[in-house]
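Sequential numbering of the sequence shown, starting at 5, is according to the numbering used here.
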Amino acid sequence: MSRRAPRVGFVSLGCPKAQVDSERILTQLRAEGYHLSPSYQDADLVVINTCGFIESAIEESLDAIGEALAENGQVVVTGCLGARQEKLREAFPQLLAITGPHAEAAVMSAIHDHLPAPHDPFTSLIPPGGVRLTPKHYAYLKISEGCNHRCTFCIIPSLRGDLVSRPVGEVMTEAEALVAAGVKELLVISQDTSAYGVDIRYRTGFWNGRPLKSRIGGLAEALGSLGVWVRLHYVYPYPHVDELIPLMTADRLLPYLDIPFQHASRRILKFMKRPADGEDVLRRIRHWRGICPELTLRSTFIVGFPGETEAEFQELLNFLEEAELDRVGCFAYSPVDGAAANSLPDPIPEAVKEERRARLMTTQERISERRLAHKIGKTLTVLVDSASDQGVVARTAGDAPEVDGVVHLPADAGLVAGQWAAVRIVGNDTHDLWGEPLSQPASAPVSAATGLA
Ligand code: SF4
Numbered sequence: 005m006s007r008r009a010p011r012v013g014f015v016s017l018g019c020p021k022a023q024v025d026s027e028r029i030l031t032q033l034r035a036e037g038y039h040l041s042p043s044y045q046d047a048d049l050v051v052i053n054t055c056g057f058i059e060s061a062i063e064e065s066l067d068a069i070g071e072a073l074a075e076n077g078q079v080v081v082t083g084c085l086g087a088r089q090e091k092l093r094e095a096f097p098q099l100l101a102i103t104g105p106h107a108e109a110a111v112m113s114a115i116h117d118h119l120p121a122p123h124d125p126f127t128s129l130i131p132p133g134g135v136r137l138t139p140k141h142y143a144y145l146k147i148s149e150g151c152n153h154r155c156t157f158c159i160i161p162s163l164r165g166d167l168v169s170r171p172v173g174e175v176m177t178e179a180e181a182l183v184a185a186g187v188k189e190l191l192v193i194s195q196d197t198s199a200y201g202v203d204i205r206y207r208t209g210f211w212n213g214r215p216l217k218s219r220i221g222g223l224a225e226a227l228g229s230l231g232v233w234v235r236l237h238y239v240y241p242y243p244h245v246d247e248l249i250p251l252m253t254a255d256r257l258l259p260y261l262d263i264p265f266q267h268a269s270r271r272i273l274k275f276m277k278r279p280a281d282g283e284d285v286l287r288r289i290r291h292w293r294g295i296c297p298e299l300t301l302r303s304t305f306i307v308g309f310p311g312e313t314e315a316e317f318q319e320l321l322n323f324l325e326e327a328e329l330d331r332v333g334c335f336a337y338s339p340v341d342g343a344a345a346n347s348l349p350d351p352i353p354e355a356v357k358e359e360r361r362a363r364l365m366t367t368q369e370r371i372s373e374r375r376l377a378h379k380i381g382k383t384l385t386v387l388v389d390s391a392s393d394q395g396v397v398a399r400t401a402g403d404a405p406e407v408d409g410v411v412h413l414p415a416d417a418g419l420v421a422g423q424w425a426a427v428r429i430v431g432n433d434t435h436d437l438w439g440e441p442l443s444q445p446a447s448a449p450v451s452a453a454t455g456l457a
């Protein structure tokens, strides 16, 4: 009589970095013969990968833990919130185990203790590229863990530690396996992508027998040789980011940079312990666009940071008008337990923070709409995310999945998810574009990345 395979439920919360941790654990679970359960009732044990970045994320994680305990009872917690062991243990004494982030081995060991793996030599049926939570055609590629900066609003370094870069050969081997599994877009992530290799002094590694430096420029170029879209996220505004721009004009990298500038006022950036100031950043943006006019810039900002005056907030709005960033996210500052910024004087009232956030987003909406309108009439290459009888949703080189806008195409466009296509842009709103498919499919995905006609 065959025994039912042990079943694990999995709840993955938080940022793409946490998602990659989840994918590794899920891959290992499948490799060992565990089955994954879509419901609490059917699971023998539940793993929750938590987020501890801002208060609302912490609350969401705590709610998920409470729900899993009520519905299932056998719960292992991992992730950023897991780094606060004592508090969690106090709130949920019945948890089976608690680990911090990036702790695949500890999570697996906790699962083994409470739900032993089945002994079946034929269960290792792992797809190439591992078990992923993203659609088949794109994947996150984590190149390092931790961060050497000490931004005063952030507790990630105390949760995840200093920067630890993955060996460059290992990153490339994983990227190749993902491409072999059908991935058409690699989203490079870390806490600080441009710092890749700093901790290992840019050590030379090997990929396919060739030496390769552990440096973001070399890594990006090697990834670009795989023939798929390569998009960089979480780039810290170091001067050597300039070196990446020629790779974009050479069609090795998507002309897209996600750089969290956080603010434009020199004084507020100093309190945040962030580099540069608005003027410096504007000069560099002009320089980048001079070399690569089709560059899409995404950034995030914090408003209502302690001590932020109306004049400093206005400076940020002026910066946005000048910089004309394509995509912008904005958080109202919220104190996170353990962050150095909590001890800064002059907290901003909640209502003022919210009012500033709304003003910033209104300003940015106008800018976004204007920039998208410039694309009307152009022919762009898109990657199709989904196709149904409701319509086709795709993305251009300027749209990262989940955080940016999309291109809407007619349902009868004859396209399927994961396909590249050439489309003519015919309309836009604040965040999205509308297009019509052209008869010939896009054949050269990377060189057609910008596809400006
Ligand atoms: S760069 Fe700053 S905000 Fe980003 S993870 Fe490091 S300390 Fe946190």
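Where a beta carbon is used, it is the ideal one built from N, C-alpha and C, also for glycine.
Chain-order list of residues whose beta-carbon lies under 8 angstroms from that of residue 29 (same chain, five-residue window excluded):
14, 51, 53, 82, 108, 111, 112
Kindly list the residues whose CB is nearer than 7 angstroms to the CB of residue 9, restricted to its own chain and excluding five residues on each side of it in sequence; keep chain order.
37, 38, 39, 122
Pick from 58, 378, 393, 405: whose alpha carbon is nearest that of residue 387?
405
Could you give the residue range of the beta strand (DSSP E) that holds residue 412?
411-413
Using DSSP with H/G/I as helix, E/B as strand and the rest coil, what is residue 138?
coil
Same chain, Cβ closer than 8 angstroms to residue 55, five either side skipped, listed in chain order
17, 18, 19, 22, 61, 62, 64, 65, 83, 84, 85
Taking the alpha carbon of residue 354 as the reference point, which residue from 396, 327, 310 has its own alpha carbon closest?
310
Beta carbon of residue 35, beta carbon of residue 80: below 7 angstroms?
no
Kindly indicate which residue of 27, 77, 143 has the alpha-carbon position closest to the one of residue 185.
143
Mark residue 432 as exposed unless 16 or more other C-beta atoms lie within 10 angstroms of its C-beta, in which case mark it buried.
buried
Apart from the five residues just before and just after residue 70, which ones in its own chain have a Cβ nearer than 6 angstroms to its Cβ?
none
Can you grab the Cα-Cα spacing for the pair residue 368 / residue 116, in whole Å?
50 angstroms
Proximity winner among 195, 320, 219, relative to residue 204 (alpha-carbon distances)
219
According to DSSP, is residue 197 part of a helix, a strand, or is it coil?
helix
For residue 261, is the classification buried or exposed, using 16 other Cβ atoms within 10 angstroms of its Cβ as the cut-off for buried?
buried
If you compare alpha carbons, which of 434, 411, 119 is closest to residue 374?
434
Classify residue 32: buried if its beta carbon has 16 or more other beta carbons within 10 angstroms, exposed otherwise.
buried
In its own chain, which residues sit with a C-beta less than 7 angstroms from the C-beta of residue 225, not counting the 5 before and 5 after it?
251, 256
Mind checking which residues open and close the alpha helix (DSSP H) that includes residue 436?
No alpha helix (DSSP H) holds residue 436; DSSP gives it neither H nor E.
Ordered along the chain, which non-local residues of its own chain (more than five positions away) have a Cβ less than 7 angstroms from that of residue 271?
316
Identity of the residue in 278, 241, 164 nearest residue 288 by Cα:
241
Mind checking who residue 39 pairs with in its DSSP beta bridge?
11
For residue 426: DSSP bridge partner residues:
385
For residue 150, the three-state DSSP class (helix, strand or coil):
coil
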